[in-house]
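Protein chains: 2
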Amino acid sequence: MTPLLSDLRVVEVSAFIAAPLGGMTLAQLGAEVIRIDPIGGNIDYRRWPLAPSGDSLYWTGLNKGKKSVTLALNTPEGREIAAALITRPDPGGGILLTNLPASGWMSFDALSAKRADLIMLRLTGSSDGTGAVDYTVNCASGFPMATGEGDKPVNHVLPAWDIAAGLYLCTGLLAAERLRARTGKGQEVTLALSDVMLASVGNLGYVADVQVNGTVRQPLGNDLYGAFGRDFPTRNGRRVMVVAISDRQWKAIGAATGLGERLAMVGPLMGVDLGTEGGRFEAREAIGAVLAPWFAARTLDEVRTAFAGSGVLWGPYQDFGQLVAEDPRCSPANPMFQEVEQPGVGRWRMPGVPLAFGAVPRDPVRPAPRLGQHTDEILAERLGLSSAEIGRLHDSGIVAGPETA
Amino acid sequence: MTPLLSDLRVVEVSAFIAAPLGGMTLAQLGAEVIRIDPIGGNIDYRRWPLAPSGDSLYWTGLNKGKKSVTLALNTPEGREIAAALITRPDPGGGILLTNLPASGWMSFDALSAKRADLIMLRLTGSSDGTGAVDYTVNCASGFPMATGEGDKPVNHVLPAWDIAAGLYLCTGLLAAERLRARTGKGQEVTLALSDVMLASVGNLGYVADVQVNGTVRQPLGNDLYGAFGRDFPTRNGRRVMVVAISDRQWKAIGAATGLGERLAMVGPLMGVDLGTEGGRFEAREAIGAVLAPWFAARTLDEVRTAFAGSGVLWGPYQDFGQLVAEDPRCSPANPMFQEVEQPGVGRWRMPGVPLAFGAVPRDPVRPAPRLGQHTDEILAERLGLSSAEIGRLHDSGIVAGPETA
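Sequences listed follow chains A and B, in order.
So the first sequence is numbered by numbering that gives the first Met the number 0: it starts at 0 and just counts up by one.
So the second sequence is numbered by numbering that gives the first Met the number 0: it starts at 0 and just counts up by one.
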């Protein structure tokens, strides 16, 4: 069985998280994704964290399964080669994914003059034309002011807007390619990182809460809003998150802890209906007070045993080390993970794409390329250049292959 | 021009954020998305925050532009109608998007027996078969332990894993439908919320950092990791986030604040190369100490004026109220937003999809349906039922239309 998107050919000129994640997702679904970088690498090539070799774990993590071509993009000839790779007339090609300023040779107008049905996906910063990254979009989103205990804003560490943007780019690319397959029509598709944030804030009801109710959501520490959910320390210094959305999940907590009768007393005590999510939210402090000693008397393993098969919705807090050491879901016991050797870095548990397709077996997880690893191959196979011509391009510094140790 | 995905027909049986966001994104790209709910609504129908009417801002925010059909899914006849809607032989139909347990009538086997090329997208909780929601996946991710000041874990408030899952579902759906259009082959596509989390943790380098370096990322407050970025209080009690990834962004900070010469002294002072991201990260406390008085002496407006056109990468912190009141990007000045009347709720600034397609004008933003609003229309148009038959289904409680006030 051939991979799902194996007839798609995407060129990516990108850096950082969003566009590379979009391209990597397509590559992991079987598309050919050629990442073109300037010689020496783009601005994200040495981004921390680094392996002892100096190779970036960030860069290799976000570029798995791609092909890498390095060109002198500051020269006319380097740009011509890049444009030729983007616009050559493969049926599934003519697709550019970028988060770089699309002016000059890389503008939609310039490239679509070379291939009329070009599809160009372009991530920008802020919709007002200014630059933006995840952190400078996030601070404006309202979420840091509603995170933590509220004495001051708390930034998320997960680059959530970048991840969402990368996946919007995939969706947009497939939607645009679907139209092209039916009509022959290409187009430019743009996505502002600030709009990814704003659409999410709106979709989740925060804008309406301000406009309709005049309510500005306040921080609640680790408590869930609108239902019962909070964290509890265990006897051995660990912590767990426990959540009840449905009635069944709520009753499971009482049954598994043996505290059902005392929890039922919280309703009359606090004057709320514990049969509703809102009632359980309003009574969360009293519920927490009843439950906390149960967790404080048990180790994480004892909690795990008590909750196994109980229907309680819960999870342990883990730092990244505990996640890797203790969680079987983060290991090759999970078919999404494979231990793969990343050249220059070493072996680690690499994730494939989280989607599992019934009609297509999982591809082996492929490591990231070395920078420039596929320059010669792509120049020969895609552009039909001779060895002599490729040699000349190397000699004149227009292209580069992988660094040699 | 017809909307992008106007020939796609998706049935959604869902609750909460991820699957509804996936369906809404497709609807906003032009697909017909019929959300089927049990009579009275699914478990998310009254989720907080609520409007004064009791209508959920959460539910209406996540179901914009869909059609709503309510059926007695606990009866054989209700299920038969649902299965008929899912499997009827429209060319762009036969697509089910769900996050509910897919057993019995709603299993892939049962539905694909009625339509062989069925595509079923199914979001599950944890890859080990246990239930999970964003909060119980997030606690295990490592991120709460690396967020904030580190005295205890900090949960994110943004349901980031749900948002990513919803967008993976869109990507997976379009990829599966692309295969079906070429081969006639349907399939079940599954996605575990825990795998969305784990793939992200792996992609961003945290797993490799543990396995290759033995490093467990520690919390840094609001500082960026691996580059210069932190927050500063202003004279008027506001706060801004300032980031420098590139050299140009770094130099812009010195130029715009007039502190370039003193910032240059930080390099020799701290023994680092300020020409590198890593050096600026290592010297972040000293850099912050030089910059802080500049911000403390200025209001947010003065900072905004000083940074306008300067190339400094920055953003203001805003709570949700300030976002709505002060940020023109969160208003109809931004073409993504329109002021739309949501029946039962009121007018608010609704976001469309953040992707902007050059070949297709933006659709008007459509509000969420009232629960059951399209039951009769869909039964008549899609299943060809007569008014008499539809009347009988209402009388016997198998279907329901919208609640009447």
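Note that beta-carbon positions come from the ideal geometry of N, C-alpha and C, so glycine has one too.
Bear in mind the structure is a predicted one, so any value in this text is a computation, not a measurement.
Between A/Met269 and chain B, the shortest Cβ-Cβ separation is not below 8 Å.
Sequence-distant partners of A/Asp6 (beyond 5 residues in either direction) whose C-beta falls short of 6 Å from its own C-beta, in its chain, are Gly91.
When rounded, the separation of the alpha-carbon atoms in A/Met105 and A/Glu11 is 12 Å. Nearest in C-alpha terms to A/Val136, of all of B/Gly228, B/Ala18, B/Tyr167, is B/Gly228. One finds nothing in chain B with a Cβ atom closer than 8 Å to the Cβ of A/Glu284; even the nearest lies about 17 Å away. If you check each beta-carbon in the stretch 339-351 of chain A against every beta-carbon of chain B, the ones closer than 9 Å belong to Gln341, Val344, Gly345, Arg346, Trp347, Arg348, Met349, Pro350, Gly351. Within the stretch 104-173 of chain A, the runs of beta strand (DSSP E) that reach at least 3 residues and sit entirely inside it are, in chain order, 118-123. Judged by DSSP in its simplified three-state form, B/Asp36 adopts strand. Counting only Cβ-Cβ distances below 8 Å, A/Tyr44 has no contacts in chain B at all, with the closest Cβ about 11 Å away. Taking C-beta separations shorter than 8 Å and ignoring five residues to either side along the sequence, the partners of A/Tyr44 in its chain run Asp36, Ser55, Trp58, Leu370, following chain order. Between B/Phe356 and B/Leu3, the CB-CB gap stays under 8 Å. Counting only the Cα atoms, A/Pro100 lies some 27 Å from B/Gln317. Going by C-alpha positions, B/Ala71 is about 10 Å away from B/Gly40. For the 8 Å CB-CB criterion, A/Cys329 and A/Arg348 form a contact. For B/Ala243, the enclosing beta strand (DSSP E) covers residues 238-243. Distances from the CA of A/Phe306 to each of A/Glu187, A/Gly257, A/Gln321, A/Leu28 were compared; the closest alpha carbon is that of A/Gly257.
Within the DSSP secondary-structure output, A/Val339 pairs in a beta bridge with A/Trp347. If you draw a straight line from the Cα of B/Arg87 to the Cα of A/Leu28, it is about 29 Å long. Per DSSP, the unbroken beta strand (DSSP E) holding B/Gly314 starts and ends at 312-315.
B/Arg177 and B/Trp160 have their C-alpha atoms roughly 25 Å apart.
When only Cα atoms are considered, B/Ala399 and B/Met119 end up about 25 Å apart. In the three-state reduction of the DSSP assignment, A/Phe356 falls in the strand class, which pools E and B. Residue contact check for B/Ala399 against chain A: no CB pair falls below 8 Å. Chain A has no Cβ within less than 8 Å of the Cβ of B/Lys65. Around the CB of A/Pro327, fewer than 16 other CB atoms lie within 10 Å, so the residue is classed as exposed. The distance from the Cβ of B/Pro368 to that of B/Asn98 is about 19 Å, inconsistent with a contact at the 8 Å cut-off. Its chain contains Thr233, Arg234, Ala305 as the residues whose beta carbon lies nearer than 8 Å to that of A/Arg297, once the 5 sequence neighbours on both sides are disregarded; these appear in chain order. Close CB contacts of A/Trp313 within its chain, under the 8 Å cut and outside five residues either way in sequence, are with Val239, Met240, Val241, Val242, Val302, Phe306 (chain order). Interface criterion not met: the Cβ of A/His393 is under 8 Å from no Cβ in chain B. Taking a Cβ-Cβ threshold of 7 Å, none of the residues of chain B is close to A/Arg34; the smallest such distance is about 15 Å. An exposed status is given to A/Gly183, since fewer than 16 other beta-carbon atoms sit within 10 Å of its beta-carbon. When rounded, the separation of the alpha-carbon atoms in A/Leu392 and B/Pro331 is 50 Å. Just so you know, the alpha carbons of B/Arg179 and A/Ala379 end up roughly 33 Å apart. Distance from the Cα of A/Gly141 is smallest, within the candidate group B/Glu388, B/Glu325, B/Glu376, for B/Glu325. Here DSSP, grouped into helix, strand and coil, assigns B/Gln217 to coil. With fewer than 16 other Cβ atoms inside 10 Å of its own Cβ, A/Gly103 counts as exposed.
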